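For reference, the structure discussed in these notes is given below.
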Amino acid sequence: MTQLDDAVLLEKEDRAGPLRAALSSQTAGPLAALVLAVVIFSATTDSFLNAGNLSLIAQQSVVVGTLALGQTLVILTAGIDLSNGAIMVLASVVIGNLATDGNVFGALLAGLAVCLVLGLLNGVLVAQFSLPPFIVTLGVLSVLTAAARLYTDSQSYPIDSAFLTALNGGPTVGGVTITYGVLLWIGLTAILGYALTQTAWGVRVYAVGDNPRAAALTGIKVKRVLLSVYLTAAVVYAFAAWQALGRTPTADPSGYSTANLDSITAVVIGGTSLFGGRGGVVGTLIGALIVTVLANGLTQAGIDSLYQQVATGILVVIAVAVDHFVRTRQTR
Amino acid sequence: MKVTRVAAAGLAAGIFLSATACGSDDGGSSSGGGSDSGDVTIGIVELNLSNPFFGTLQKATESAATAKGWKTMKAEAKVPGDSATQVTAIENMIANKVKAIVLDPANPTALNPVVKKARDQGILVITVNATLTPIEGADATFATDNTAAGKLIGQWAKASAPAKPRIAMLDFDLSDGPAGGRHNGFLEGYGIKDGDPSIAGSALTKGTIETGQSAMENLLSAHPDINVVYTINEPVARGANTALKNKGLADKATVVSVDGACSGVQDVKDGIIGATAMQFPSKMGQLAVDAISKYLADGTKPTAGLNDSGTTLITDKPVDGLESQTSDWGLQNCWGEK
C-alpha cells in the first residue's frame, strides 16, 4: 500500500503546479546535463551557439524524441518497446506507397491504422497474455523490419506531397525557422505530461508501473491500463511517422534502424526509471535533446563521431546509476 | 485460463520463430542436398539484404547458377558487419558439400578461418563486392575497385570544383573495406590527403538518407561555406541534398557519390548529384559463376586477387580528360528499382 500512497502523494505534489512538477528532482539532473553540454560546446566552438543551430538541434530531435514519448509511457509501466522504430517505419512506407495515388489524407490515416493495429497487438500480448514486453516487442520488431522491406521490395518512396511534409515548414522568427514538427513535439509532450500528472489515468499508469499487484488490489484494472498505454503509444508513433516524412521527405524501409534503442536512450537519460512507476515525458524531451546536442556539438568540434556513442553510453550508465541510488534510498 | 496460456505461448513461439527465420536462411532454403554425384550445389553468402545492392548481387549470382542447372544454398548477414551469421552459414554449406561458395564478406578478417576450412575441403571460395585480408584468403575476388571508383569522382570534383574548395566528407565506418577505399580514392583523385585544409569537416553516416541529412546539417552549421560534398553512397547524397536545400545552398555545392543505383542515376539526371561512379553488381555475380563453371569443368582456378568488375563515371557535366557516360546511359545500365 505504501507504493500507492507514494503515487497519491506524487499526484498531490504535482497538483501543486505544472511548473513545480517540471522542475522536480527527476528533471533537474537531465536539465543540468543539457545545460552543461550546451555551455561546453558554446565555449569550444564558434558555430554551436546561434539560433539557427539551436533550431536545427530541435529539428534533428523530433523523430526519435516523439518516439521516445511513446516509449516513456511503456517504460513507466515497467515495460519496454523494442518495436516502436519498426512500427513507425512500416507506417511511413505504407503512407509513402498509398500517397503515390494522391490521396495523402487517406494515406496518413492508413499509417495511423497500421500503428494502432500493431499497438493493439503488442498491448494484447502484454496485457491479456501477460507475456514479457521485451520478448513480445523483440519478435514484433523482427517481423516488422522484414515486413517493411518485403512490402517495399527494399525501395524507398520519395514524398512530394506538401501535406505530408508540412511538419518541416513553420513560422520564421528572426531568420530562424521553428518547424511545426518541433511545435508538435512540444505540444505532445505537454499533453502527455498533463495526462500523466493531472488525470486519474496518469495516476493509474504510475501505480501499475510501480506495483501491478498493489494497483490491482486497490481496484485498478491493470490489463485495461496496460492496453491503453500501448494504444496511446501507438498514436504517438503515428505522429512520429509523420514527423519522419516531414524531416526527410522519403519513406525509407532501411531508415531509423536504431531508433528504438535511441528512444530508450532518450527516456533513460531523461530520468525515467526502467523499473517503472517513476519519470515523465518532460525528462524524455530533455533526454532526446541531450543526445542530439552531443552528436551536433562533437561533429562541429571536429571530433570523431564514434566518441558521440561513447559520451551517450556514459550518460546512460550515469542515469541508470542515479535511478538505482534514488530507488534504494526510497525503499530503505 | 489454461487455453489462453497455451494459445499465448503458441502465438509467442510463432512470432519468435518467424522472427528468427527472417533475414537469414542459414541454408534452410537449400533446394537440394548437393551430395548426390553429378549434382552441383553452390553456396551464396550475402550481406544484409536491406541494401538493394546486395539483393541485386544475390539475385544475379543465383540466376547465373540456375542457368547452369546448379542448385543454390543462400544465406545473408542480418545487419552490416554481421560476420557471425555468415560463419554459421558457411559451416552449414561445408557440411552440405557444396562445390563452391560465392561470399560477400561482412568483415575482412573474421571469415578467414571458416573460409580456410572450406578451401581445405576442396571448395572454391570466391568473394564478391568486398575482399578478405589478405586478399589471398579466397581463391579469387570479383569486385568494384572502390579506390578507383573514389578516384574517378575525386578527379571529376577537382575538375569541376570552385576555386576555393571547402570539402565535406560524409563517410561510412572506415574499417569497412569499400568505404575506406572510396574515401582514400576520392582524396587521391582530388590530389589531397586527410587533414588537408580544404577539407572543412567529415562525419560518419550509417549509409542511409536520414543519417546523411543529419551529418550534413551538422557540418553546414559549423561550415556554411561547404561547396564540395563527398558521399559514401547515393542515399547519403540524397540526405545531404535535403540538408543543403533546407539551407538554400543546393545550387552552391557539388555532391559526388558512388553506386549507380537507378534512383541515384535519376538524382544525377535531376541535378541532385553532380557525378556518381557506377558499380556493376550483376556483372560480379555473373563473373563469379563463370569462374566456378570453368573450375568445375577442367580444374582451372580463376586469377587470384582482385578482378575488377568495372566502374563507370556517370555525369551530365563531363570534364576534359575523364571518360564518362550520361545519366541517360546510366538509366539503361543501372541496378535496383527504377
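As they're listed, the protein sequences go chains Z and D. Per my numbering, the first sequence starts with residue 3, numbered consecutively. Per my numbering, the second sequence starts with residue 18, numbered consecutively. All C-beta atoms, glycine included, are put in the ideal place defined by N, C-alpha and C. Since the model is a prediction, treat every value here as computed from it, not as a measurement.
The stretch 100 to 109 of chain Z and the stretch 212 to 224 of chain Z do not touch, with fewer than 3 CB-CB distances between them shorter than 8 Å. Thr148 of chain D carries a coil assignment under DSSP once its states are collapsed to helix, strand and coil.
For Leu221 of chain D, a Cβ of chain Z is located within less than 8 Å of the residue's own Cβ.
Below the 8 Å Cβ cutoff, chain D contributes no neighbours of Tyr159 of chain Z, its closest Cβ being approximately 10 Å away.
For a cut-off of 8 Å, the C-beta gap from Val270 of chain Z to Ala321 of chain Z is around 5 Å, short enough to register as a contact. In the structure shown, Phe50 of chain Z adopts coil according to DSSP, grouped into three states. According to DSSP, Met295 of chain D shares a beta bridge with D:Asp276 and D:Thr329. Annotation: Cβ neighbours of Ala239 of chain D in chain Z (cutoff 7 Å, chain order): Thr47, Ser49 and Gln302. When DSSP states are grouped into helix, strand and coil, Asp99 of chain D belongs to the coil group. Ile143 of chain D is a Cβ neighbour of Ala308 of chain D, given a cutoff of 8 Å. Taking the CA atoms as reference points, Asp268 of chain D sits about 12 Å from Val246 of chain D. In chain order, Ser100 place their CB closer than 6 Å to the CB of Ala127 of chain D, counting only its own chain and leaving out the 5 sequence neighbours on each side. With the criterion set as a beta carbon lying under 9 Å from some beta carbon of chain Z, the members of the stretch 251 to 276 of chain D are Pro252, Arg255, Gly256, Thr259, Asn263 and Lys264, in sequence order.
Around the C-beta of Phe70 of chain D, 16 or more other C-beta atoms lie within 10 Å, and the residue is accordingly described as buried. The Cβ of Gln245 of chain Z sits no closer than 8 Å to any Cβ of chain D. A Cβ of chain D is located within less than 8 Å of the beta carbon of Asp155 of chain Z.
For Leu120 of chain D, the enclosing beta strand (DSSP E) stretches over residues Ala117 to Leu120. In the structure shown, Asp307 of chain D falls within a helical segment according to DSSP collapsed to helix, strand and coil. Here the alpha carbon of Gly67 of chain Z sits roughly 20 Å from the alpha carbon of Thr259 of chain D. Of the other Cβ atoms in all chains shown, fewer than 16 fall within 10 Å of the Cβ of Gln138 of chain D; this residue is therefore exposed. Two segments are said to touch when three or more pairs of C-beta atoms, one from each, lie closer than 8 Å; by this definition the stretch 59 to 74 of chain Z touches the stretch 290 to 309 of chain Z. Not a single C-beta of chain D is nearer than 8 Å to the C-beta of Arg280 of chain Z. For the 8 Å CB-CB criterion, Ile161 of chain Z and Pro32 of chain Z do not form a contact. By the CB criterion at 8 Å, Asn52 of chain Z and Leu69 of chain Z fall outside the cutoff. Restricting attention to D:Thr328, D:Phe297, D:Ala94 and D:Phe203, the CA atom closest to the CA of Ala176 of chain D is found in D:Phe203. Per DSSP, reduced to three states, the secondary structure at Leu133 of chain Z is coil, with no helix or strand assignment. For Pro125 of chain D against Gly194 of chain D, the beta-carbon gap comes to about 5 Å, under 8 Å, which counts as contact.
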